[in-house]
Every structure is written in C-alpha cells, then in structure tokens.
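J.:
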Amino acid sequence: MRSWRWMGLSAVLLVAGVGIGYQWHAADSPEPPMPAAAGIGDPYFPPAGNSGYDVTGYEIQLRYDPPTGRLDGRTTVNALPTENRAEFALDLRLPATQVTVNNQLARFHQDRGKLLFSPTRPVPTGRPMVVQVTYGGVPSEVRDDLGHDPPWTRTVDGAVIAGEPEGAAWWFPANDHPSDKATVAVTVTVPAGLQAISNGKLLAGPEPAEPGWQRWRWRASAPMATYLAFVAIGHYDIVTRDTPYGPYIAAFQDGLDPLTATVARAAVEQTPQIVGVLSGIFGPYPFDTIGGVVPDACAQQSALETQTRPVYGPQMFRAGADVSVVVHELAHQWFGDTVSVHRWSDIWLNEGFASYAVWLYRERTGGPSAKQIADQTYLCNFANTDFWRVPPGDPGPDELFNSAVYSRGAMALEALRTRVGDDAFFTGLRTWVTERQGHNGTVADFLALLERISGKKVDDVAQTWLFAPVRPSTPPG
Ligand code: ARG
Ligand code: ZN
C-alpha cells in the first residue's frame, strides 16, 4: 500500500503556486480552470488520476530488455476532453521524450509522477484528443514519492507489473484511477525466445520483429481500470484450452521451484471449473477470456485480480493445494473488475465481496455454510481490538488492505444477507453486476440497491458492520 499523503500536500502547494499566477480582470470573470495536476478528486489519494478528459482506450507499445531492465514505450491515449483546457495531465513515472496531441507536437514537462502537456491547438470538448507519448527508463528503479518499492519488479529473465492502488504509471501514461475505465491493447517486443503475457486475447505472437526480437500482441475488449492492466515477460510455459468462457490462457514462469509449480498449476488449472461455480452465483462471467499468470517473482508478494487473467505471486501457493486465492481473484472479475470502485474508499466492494465469494464457494462445494464460516471468523477475531478498529466501509488510505476489509467485510455481507434474505441478497448481487457492468459503483449505491430489491432497511446493519470502529455485539449470521 502506497500513501500519497506527502504528494497530497505538494499538490496543494502546486495549486497555490499556480493560483498566484492568474490574472483577475473582473469580479465576475469565470472560475479559473483547475490546474492539470490536481488529481481526479479521490479523498484517499488526492493526486491520483486527472480530470478534464475521459480516456476511451490505451494502445501501449513496449520494448523490454531484461538484462538492463530498460523499458521503451510509445503509448497512444485516446481521450475525450470534458473541459476546455490549455493543459492536461497524465500519470507517468518514466521520462518522456515526445508528446503529440492529434499529431501535433505538444509542450510538456514532468513533475512528481505527472506528465503535463499543452496541446498547440486547443482541443474542444467532445472532440477526440489523441495523445501519443514516447518514453523510456528503468521502471524497477523508479520509486514513488514516499520511496516505496516500485510495483514493476524484475525476475531472473524478465519482469512483471501488478500494482494496486497504483501501478500503471510505471509502464504507460495513464489516467491512473479506477473511475476512468478504458480498453487496453498491449504490444510487447522482447528478445526472441521470451514470452510476453497481458490481459485479454492474444491477437498475435510470437511474431517476428527486428532480428533477435519478437512481438506479442494482446487486446482486452472490455473497459478496464488502469491498475488491472498488466504485463509479464520472461520464459513462461503457456497453457491454452477452449472453455465456455472463452479461451483459457495460463502462464507459469520457468524457474518456479518444482513443488510450488505443481501446486500452482493444480490450483490455476481449476480456473474454468471455479468460474463455472461463480457464474452460477453471480451471473454470467463478464469477459471473453480467462486464465492466470504465475511469475517467478519473489517481490510479487500477493495476488492481483488483473482483468481476465489474475497474477498470482508464487507465495500464494506455499500453503498447499488450496484454491481460495484463485476463487478470490476470479470473484474480483465480477466485483472490482467489471464493476469497479468509484473511489478507493469503496474498497469493501472489492475485497469484502471477493472474500465472501470464497465462503460462498465453499458453501456450494460441500464445505461449511457461509454463515458457519462468518460466525467462526467473528469468534476467531473476538479479542482482537485492533481488528475491530478498522471499519471496512471506510478504512482510510493506510488500511485499504487491512484484513478487516477482507474478513469483517465478508462478515458484513453475511449480516446483510441475514437481514434481506437469500432471494433479495443474491438477486441484489446479480443486479449490481448487470446494472453496472463496465462501470463503477459506491458502497452507498450497493446498499441502496439492496434496500430497493428487498424492501427492507439495511442502514443499521451497514452502520454496525461497515462503519462502526468497534466489534458488533453479536455474530453476523
Ligand atoms: N486486490 C488484491 C487482492 O486480491 C490485493 C492487493 C494487495 N495490495 C497490497 N499492496 N497489499 O487481494
Ligand atoms: Zn482481493
């Protein structure tokens, strides 16, 4: 978890500095435009993302050289301005060498993770703004403004990127916030013999590039939050198979120790079967391809629900033949991926739901009921006062991935299910997905939907389980 606190402060100072430069001609002159680097307005991470435009699609072209760790990129950002502005910003943490807007060179500069650029000719709102950025650097050496480890990590023969809540800016210029979703196409040129895996379908690859290099082209057709885009490069064994949910493409990096590799394959290979169970609960699988990637990356500590193809850190399989992490990341395809948080304070919609999905999966596959697991989890944490201090409905930026968001978040869903009854609860989950597929939602939106469908009030349950920084007095079930 990275904190943007310090950046938040500097963004405020930057705002103040720009403000002084404005000429005020008359009391009724129009509001000055927001400075381009002011962020998209997420209270948890004020500098995250940018306003003034919507991205519709990213076309990312990369060339990666494993021995040096150098990444060179040219990315086309197709956007629609929503405000008339002289300057726009994208998130990018690698040095840029050229920016064009609608094929014209644009002035640009970079400051604390922002690429600020000024189109030579203003782009009116509603007209396409095609921004092409050429850039390059060594992403594994670029820290954020607090000095945290970069989300781009090198492996023995390649690299992998999977970061949340931020990550995109280490490999492509992005409006790096889940509220601006867009399609993503990734083309990666790597030394011949290496594989490059990304989201969506494989359009081509390996296809010849310049001598000694080859190219892989991937495209994800559904809009995606930027942190859900990924690329993994290295010597991988790629496994493919047709399924009712589209092509299954899984990749296991050479070099995984044999025991981890065996356990990881056995778990990830259950992806189609698990997607079958989950679609029976949540409604049709929302994308057109499935799979998973297991890099041999010790720095990749956890797993991430990268869209259509989760990335699983090898440590996730140390505990043996347990599919919980696979169920969790696949459940995110419904909760987090096709329906994304509007603000990071809505993280319960991701982690509470994916955690509860594991309980539902166990309930449906011969294990204990979700109610039994929920009550047991309540008792397991009974005396842990720190645990109950974190309210999953608004955990704060430093506790975004606190275990309370996951397990108390799942208990909250059990409590809501108890209140509204099974019919309304499961109809609610499916309606949430069908109504918001490809879009975003807030915690308040979800609670309102449950009330609408059940005709029952849930605000007291929400207060007790999601917002109060104390242990609820009775178990959830
Ligand atoms: N969304 C990931 C999951 O499926 C969690 C990522 C945790 N990230 C972190 N920086 N701790 O659980
Ligand atoms: Zn999760």
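Here the working numbering is used: position 308 in the sequence shown is 333, and no number is missing along the way.
Note that beta-carbon positions come from the ideal geometry of N, C-alpha and C, so glycine has one too.
Predicted model, so just to flag it, every value in this text is computed and none were measured.
Could you check if Ser432 belongs to the surroundings of ligand 1, using beta carbon to heavy atom distance under 6 Å?
T.: no
J.: Buried or exposed for Gln157, please, with buried defined as at least 16 other CB atoms from any protein chain shown within 10 angstroms of its CB.
T.: Of the residues assessed, Gln157 falls on the buried side of the cut-off, its CB having 16 or more other CB atoms within 10 angstroms.
J.: Please state the DSSP three-state secondary structure of Asn465.
T.: Here Asn465 sits in strand by DSSP.
J.: Quick one, are the C-beta atoms of Asn7 and Ala245 less than 7 Å apart?
T.: The requested residue 7 is not part of the displayed model; the chain covers only 26 to 502.
J.: I'd like to know whether the C-beta atoms of Glu112 and Leu141 end up nearer to each other than 7 Å.
T.: yes
J.: Decide if Glu546 is buried, meaning its Cβ has at least 16 other Cβ atoms within 10 Å, or exposed.
T.: Look at the range of the chain in this structure, 26 to 502, and you will see that residue 546 is not part of it.
J.: Rounded to a whole number of angstroms, what is the C-alpha to C-alpha distance between Gly301 and Arg110?
T.: 47 Å
J.: Between Ala229 and the rest of its own chain, which residues show a CB-CB distance below 6 Å, the 5 nearest in sequence each way excluded?
T.: Arg242
J.: Going by the beta-carbon positions, is the gap between Pro176 and Gly161 smaller than 7 Å?
T.: no
J.: At which residues does the alpha helix (DSSP H) containing Glu354 begin and terminate?
T.: Ser349 to Ala356
J.: Out of Pro216, Trp238, Ala247 and Ala469, point me to the one whose CA is closest to Ala210's CA.
T.: If we check each option's Cα against that of Ala210, Ala247 comes out closest.
J.: Can you list, in chain order, the residues of its chain with a C-beta nearer than 7 Å to that of Ala193? Leave out the 5 residues immediately preceding and following it.
T.: Asp116, Ala199, Asp201, Thr251, Tyr252 and Ala254
J.: May I ask whether a heavy atom of ligand 2 can be found less than 6 Å away from the beta carbon of Glu376?
T.: yes
J.: Got a sec? Which residues, its chain only, sit under 6 Å from Cys405 by beta carbon, not counting five neighbours each side?
T.: none
J.: For Asp262, which three-state DSSP category applies?
T.: In the three-state DSSP reduction, Asp262 falls in the strand class (E or B).
J.: Going straight from the alpha carbon of Gly308 to that of Arg455, what length do you get?
T.: In this structure, the straight-line span from the alpha carbon of Gly308 to that of Arg455 is close to 6 Å.
J.: Find out if the Cβ-Cβ distance for the pair Glu318, Val336 is shorter than 7 Å.
T.: This sequence places Val at residue 318; Glu is not what is there. Their beta carbons are under 7 Å apart, which means Val318 touches Val336 by this criterion.
J.: Any heavy atom of ligand 2 closer than 6 Å to the Cβ of Ala379?
T.: yes
J.: Straight-line CA distance for Glu439 to Val483?
T.: 12 Å
J.: When you compare each of Trp196, Asp182, Leu227 and Phe197 to Pro216 by their alpha carbons, which one comes out closest?
T.: Asp182
J.: What does the Cβ neighbour count give for Val486, buried or exposed, with the cut at 16 atoms within 10 Å?
T.: Val486 should be labelled buried.
J.: Does the stretch 311–331 come close enough to the stretch 264–278 to have 3 or more Cβ pairs within less than 8 Å?
T.: A contact exists between the stretch 311–331 and the stretch 264–278.
J.: Cutting at 7 Å between CB atoms, please list the residues of its own chain near Thr107, excluding the five before and the five after it.
T.: Gly77, Tyr78, Asp79 and Thr150
J.: For the beta strand (DSSP E) holding Asn103, just list the boundary residues, first then last.
T.: Arg95 to Pro106
J.: To the nearest angstrom, report how far apart Asn427 and Tyr403 are at their CA atoms.
T.: 16 Å
J.: Output the residue ranges of the beta strand (DSSP E) runs that lie fully inside the stretch 187–241 and measure 3 residues or longer, sorted by chain position.
T.: 207–216, 220–223 and 226–233
J.: Can you look up Leu474 in the DSSP assignment and give me helix, strand or coil?
T.: helix
J.: Since Glu388 contacts His357 with CB under 8 Å, what's their CB separation in whole angstroms?
T.: Contact between Glu388 and His357 is absent: CB atoms are separated by about 19 Å, not below the 8 Å threshold.
J.: To the nearest angstrom, how far is the alpha carbon of Asn465 from that of Pro236?
T.: 44 Å
J.: Helix, strand or coil for Gln326, going by three-state DSSP, please let me know.
T.: coil
J.: DSSP three-state call for Ala379: helix, strand or coil?
T.: helix
J.: For Ser380, is the classification buried or exposed, using 16 other Cβ atoms within 10 angstroms of its Cβ as the cut-off for buried?
T.: buried
J.: For Thr281, does the three-state DSSP call read helix, strand or coil?
T.: It is worth fixing the name first, because residue 281 is Leu in this sequence and not Thr. Here Leu281 sits in coil by DSSP.
J.: Label Glu232 either buried or exposed according to how many other C-beta atoms from any shown protein chain fall within 10 Å of its C-beta, with 16 as the threshold for buried.
T.: exposed
J.: Would you tell me roughly how many angstroms separate the C-alpha atoms of Gly259 and Thr333, rounded to the nearest one?
T.: 20 Å
J.: Return yes when at least one heavy atom of ligand 1 lies under 6 Å from the C-beta of Tyr330, else no.
T.: One detail in the question is off: residue 330 reads as Glu in this sequence, not Tyr. Yes - ligand 1 has a heavy atom lying nearer than 6 Å to the Cβ of Glu330.
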